[in-house]
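Data first, discussion second: the structure below is written as structure tokens.
In the working numbering, the protein residues as written are 95 to 262.
Here is the structure:
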């Protein structure tokens, strides 16, 4: 019932507090009060453009999910960067440890070799081996000189044979 159809002679209905609240919220004139401002249009209680409202809700939902995804992606990328940094650090540590171990082994081998040479001393056959090596070097040198002399004699003979063959 609207206020225009109500008669002033009719008794007013008593509304429950809940109905009065809803009447006030919905701006319905159930209390029988005359409208205060007739120039003010009634505001609809539901959305006027349902498609725009649905689109806006979907847009906000998409934006929220995109923000959530980007925060997760950022966290994952940060974790990947940290893991990459840790891998580089572990690689450097392994390389340093390997270099240290190699240097320690080289030092140990050198010390062992020095100690063995101290304990054993000079080999007993060293002077004989050196003398034999000198004799061999002298003999090889003599053979090289003889070979050079033979080649010097042989070269002119081969040249003469080649020239005589070409004339015939």
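Note that CB positions come from ideal geometry on N, CA and C, so glycine has one too.
- Residue 154 and residue 147 have their alpha carbons spaced roughly 11 angstroms apart.
- Here residue 120 carries a coil assignment [DSSP, helix/strand/coil].
- CA-to-CA, the gap between residue 242 and residue 256 works out to about 21 angstroms.
- Put simply, the backbone Cα of residue 159 is about 16 angstroms away from that of residue 170.
- Per DSSP, reduced to three states, the secondary structure at residue 146 is helical.
- DSSP places residue 225 in the uninterrupted alpha helix (DSSP H) bounded by 220–261.
- Secondary structure at residue 109: coil, using DSSP grouped into helix, strand and coil.
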